[in-house]
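A.B. asks:
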Amino acid sequence: MTTTPSNKVSTQDRLFAGVVVLLALVAYWQTLKFSAGYGLGSVNEPETYPRLLIFGLVALGILVALRPRRGVDEDEPRGVRAMLETVRERHAKPALVVALFVVYLLLLEPLGFVYASIFFLLSCQVVLMQKRSPKALLIVSVISVGLPFALEYIFTDVLRIFLP
Amino acid sequence: MDFFILSALDEVFTLPVLLTMLVGTMFGITAGIIPGFTVTMGVVLAFPFTFGMDPVQGIALMISVLVGGYSGGVVSSVLLGIPGTASSIATTFDGYPLAIRGEPGRALGLGIISSFFGNIIGLAILVFLAPLIARFSLNFGPWEITLVILLALGLVGSLSHGALVLGWISAGLGLLVATVGISPTGSVRFDFGFPQMTGGFELLPVLVGAFAFSQLLTRFDKNETEANGGVAEVPEEVDRKIKIPYVQVVKDIIGQKMNVLRSSVIGSSIGALPAVGATTSTFIAYDQARRTSKDPESFGKGNPRGLVAAETSNNATLSGVLVPTLTLGIPGDITMAIMFGVLMMYGLQPGPALFAEQPVLMGSIYLGLFISGIMMILLMLFLARYLVKIAGMPVWTIVPIVLMLSTVGTFALNNRMFDVWSMLAFGIMGYYMTRIGVPLTPFVLGVILGPVLELNLVRSVELDPTFASYVTRPISLSILVVALVVVLIYVLRQRKRPHTPQPT
């Protein structure tokens, strides 16, 4: 837990506000391309409601960006090296999981659900596990092979739902 | 009333539905026991299995997972001192001290029976309250619906860990995501040239990605079991030969009738407020039990009253969150958002019309809550001592399994990989937002309520281009005043509050 003064913002909040404003501007640019619908007047045109939201988001984004920056936070890294170290510490494992998941999704159609899932479960568990004992590896192998076959049977044969 | 309950009995009392509920309750209990797994993950994992089921069976599965999930947390809270779910935190205050004091059976028994009473009293409140609210909300025109949605989104933003403006931005982003696809006037919006996007994003991949996927990634930051190599075990201080003293537990509960009733009412009432949830209700119920006790100093040291208050209100919250979901079509929390998605998958639009158009289904939901409650108490009383071993399931096994099942669920929705990639994209976005302290619940509600908001806003302007009806219609004006007062109170409270705790 950190304590955050509610009426002040952090650098991250400002960065987020900047991203929101940028997204809102891209969305506004897209609204210029909308073709007319069958609305009865300007209020009901397809771009009106999204633009209302976009203006609201820009206003809130600017509100966050203009707020006074909060004082030094012990949790906020100072310096580029410290920031990179924090990013590495905090995001390394989630990034690894995302990378393995992307590979899994890419393999799903060429290999099929069962084999792609065996690869994903096995690699993900082995990479993430804290103590690699023979017993733990055996359990992981059984789960990784058994579960995809069991799910394939339940979904395809019992529930009649197609899997990739 | 009688006829639809009888018809619902016919639908629910079939072997496949009862077996589904038994498995669902067991699975929910398991999800609740594993620290950090959460009820939401349980619901996310269960929803792909509903695709092959008829509506009654599918909804019965979801309900039973919810009932089991809300209750399961008591096991790890009492025996391990680790809350299985966030809403079980208050249970650890007195449950765990009672267990290490040499009464683990009594603590567990009290927790389980309190959960059951919370479930049943909450259900009674739901059965009484929901039709009244639904009947009243049938008077709502597009003006009232628009304002109720804005009130819900404003409330959710305001209640998001004190991050008021960030909460509103999150809601706004959700509303914007909901505009992708075909507008109410028939134009395609924000498709970016991709034909798959002309229909907009499917609700479930967005929900699963933004919430479940992102939460799984954040599990690697810190987990309570890490110190023990990723495995939670019953501490030495707790007697492992757990035997529930049924007579004493029943006497305890009878002696706390008012506590049980009060905590159930608190749970149901707080649960009905969007995004407030079980965690808040358990703390309020616990605090009320302490304040009204003759021996408030003993709270936190193993006072059964504290345990009973926390668990009763926790389970009563489930019925509370069902009230706005079923009567107004406004999901009270993330689990209800997924429930909302499942109902829509069956072509059912949650809201007041559901009561008139699908009375048997509503009866099935009531019966599902009741039967799951009975299954929960039986399963937990007989199996709790064995179930605690499940709490040792490590995070590195849970995460890949949940990701794989989420993939199955999102793919099976339309048999297309686009939905799975959408889930991944919203998952990464949700992870980033969680990391920097932007609340996700307003985003999710924005995505769900966006289409209804736009439709009613457009209708209201078509019917009255001057917007005057928003202030001339009595119900609309009342909602407007309530909305303004509530938001103003939160803004002022936040300005006065010097420091707000915010989870990192």
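Protein sequence lines, in the order shown, are assigned to chains A and B. Be aware that the first sequence starts at 1, since it is given in my numbering, and climbs by one per residue. Be aware that the second sequence starts at 1001, since it is given in my numbering, and climbs by one per residue. Even for Gly, the Cβ is constructed at its ideal location relative to N, Cα and C. Remember, predicted model here, so these are calculated numbers, not experimental data.
1. So residue 1263 of chain B packs on residue 1289 of chain B, CB below 8 Å; how close in whole Å?
2. Any beta-carbon of chain B closer than 9 Å to the one on residue 32 of chain A?
3. Are the CB atoms of residue 1109 of chain B and residue 1069 of chain B nearer to each other than 9 Å?
4. Look up residue 1435 of chain B in the DSSP assignment and say whether it is helix, strand or coil.
5. Measure the CB-CB distance between residue 1253 of chain B and residue 1114 of chain B and report whether it falls below 9 Å.
6. Any idea what DSSP makes of residue 1189 of chain B, helix, strand or coil?
7. Which residues of chain A have a Cβ atom closer than 9 Å to the Cβ of residue 1451 of chain B, listed in chain order?
8. Comparing C-alpha positions only, which one of B/1450, B/1436, B/1259 and B/1035 sits nearest to residue 17 of chain A?
9. Hey, is residue 1345 of chain B's beta-carbon within less than 9 Å of any beta-carbon in chain A?
10. Under three-state DSSP, which class holds residue 1182 of chain B?
11. Do three or more CB pairs link the stretch 1196-1203 of chain B to the stretch 1409-1423 of chain B at distances below 8 Å?
12. Applying a beta-carbon distance threshold of less than 9 Å, which residues of chain B neighbour residue 112 of chain A?
13. What whole-angstrom Cβ distance do residue 1044 of chain B and residue 1406 of chain B have, given they're in contact under 8 Å?
14. Starting from residue 1415 of chain B, follow the alpha helix (DSSP H) in both directions and report where the run begins and ends.
15. Quick one: residues in its chain with C-beta nearer than 7 Å to the C-beta of residue 1341 of chain B, no 5 flanking neighbours on either side, listed in chain order?
16. List the residues of chain A whose Cβ lies closer than 7 Å to the Cβ of residue 1400 of chain B, in chain order.
17. Using 8 Å for Cβ pairs, my map puts residue 1538 of chain B next to residue 1470 of chain B. What's the rounded Cβ distance?
18. Could you check whether residue 1375 of chain B and residue 1064 of chain B sit closer than 9 Å to each other, using their CB atoms as the reference points?
19. The alpha helix (DSSP H) with residue 1070 of chain B in it runs from where to where?
20. Could you name the residues of chain B that residue 49 of chain A contacts, counting a contact when the two beta carbons are closer than 8 Å?
21. Would you kindly report the start and end of the unbroken alpha helix (DSSP H) that includes residue 149 of chain A?
22. Using only the alpha-carbon positions, how far apart do residue 1380 of chain B and residue 1017 of chain B sit?
23. Residue 962 of chain B by DSSP, collapsed to three states: which one?
24. At which residues does the alpha helix (DSSP H) containing residue 125 of chain A begin and terminate?
25. Considering only residues of the same chain and omitting the five flanking positions on each side of residue 1359 of chain B, which have a CB-CB separation below 6 Å?
26. Output the distance between the C-alpha atoms of residue 123 of chain A and residue 92 of chain A, rounded to the nearest integer angstrom.
27. Pull out every residue of the stretch 1424-1439 of chain B whose Cβ sits closer than 9 Å to any Cβ of chain A, in chain order.
28. Using a Cβ-Cβ cut-off of less than 8 Å, give me the residues of the stretch 1379-1405 of chain B that come near chain A, in sequence order.
C.D. replies: Looking at the coordinates:
1. In this structure residue 1263 of chain B touches residue 1289 of chain B by the C-beta definition: roughly 7 Å separates them, less than 8 Å.
2. No, residue 32 of chain A lies away from the interface with chain B (no Cβ there is under 9 Å from its Cβ).
3. No.
4. Helix, per DSSP.
5. Result yes, Cβ atoms of residue 1253 of chain B and residue 1114 of chain B sit closer than 9 Å.
6. It is a strand residue.
7. For the C-beta of residue 1451 of chain B, not a single chain A residue is nearer than 9 Å; the gap to the nearest is close to 10 Å.
8. The candidate whose alpha carbon is nearest that of residue 17 of chain A is B/1436.
9. Cβ-Cβ to chain A under 9 Å: no for residue 1345 of chain B.
10. Looking at residue 1182 of chain B - three-state DSSP - the assignment turns out to be strand.
11. Counting C-beta pairs with one atom in each stretch, the stretch 1196-1203 of chain B and the stretch 1409-1423 of chain B have three or more that are closer than 8 Å, which means they touch.
12. The contacting residues do not exist; residue 112 of chain A stays about 12 Å from chain B at best.
13. Rounded, the Cβ-Cβ distance is 6 Å, consistent with contact.
14. According to the DSSP assignment, residue 1415 of chain B belongs to no alpha helix (DSSP H), since it is labelled neither H nor E.
15. For residue 1341 of chain B, same chain residues with a beta-carbon under 7 Å away, outside a window of 5 residues either side, are 1203, 1204 and 1207 in chain order.
16. The contacting residues are 120, 121, 124 and 125.
17. Here chain B has residues from 1001 to 1504 only, and residue 1538 of chain B is not among them.
18. Yes, Cβ-Cβ distance for residue 1064 of chain B and residue 1375 of chain B is below 9 Å.
19. Annotation for residue 1070 of chain B: the continuous alpha helix (DSSP H) segment containing it runs 1055-1079.
20. Think of a sphere of 8 Å around the beta carbon of residue 49 of chain A: the chain B residues whose beta carbon falls inside it are 1179, 1183, 1454, 1457 and 1458, in chain order.
21. From DSSP, the alpha helix (DSSP H) with residue 149 of chain A extends over 134-152.
22. Near 20 Å, if we compare the C-alpha coordinates of residue 1017 of chain B and residue 1380 of chain B.
23. There is simply no residue 962 of chain B to check, as chain B begins at 1001 and stops at 1504 in what is shown.
24. Per DSSP, residue 125 of chain A belongs to the alpha helix (DSSP H) from 113-128.
25. Excluding residues up to 5 positions away in sequence, 1004 lie with their Cβ nearer than 6 Å to the Cβ of residue 1359 of chain B in the same chain.
26. Near 16 Å, if we compare the C-alpha coordinates of residue 92 of chain A and residue 123 of chain A.
27. Within the stretch 1424-1439 of chain B, the qualifying residues are 1424, 1427, 1428, 1431, 1432, 1433, 1435, 1436, 1437 and 1438.
28. Of all residues in the stretch 1379-1405 of chain B, only 1394, 1395, 1396, 1397, 1399, 1400, 1401, 1403, 1404 and 1405 come within less than 8 Å of chain A when Cβ atoms are compared, listed by chain position.
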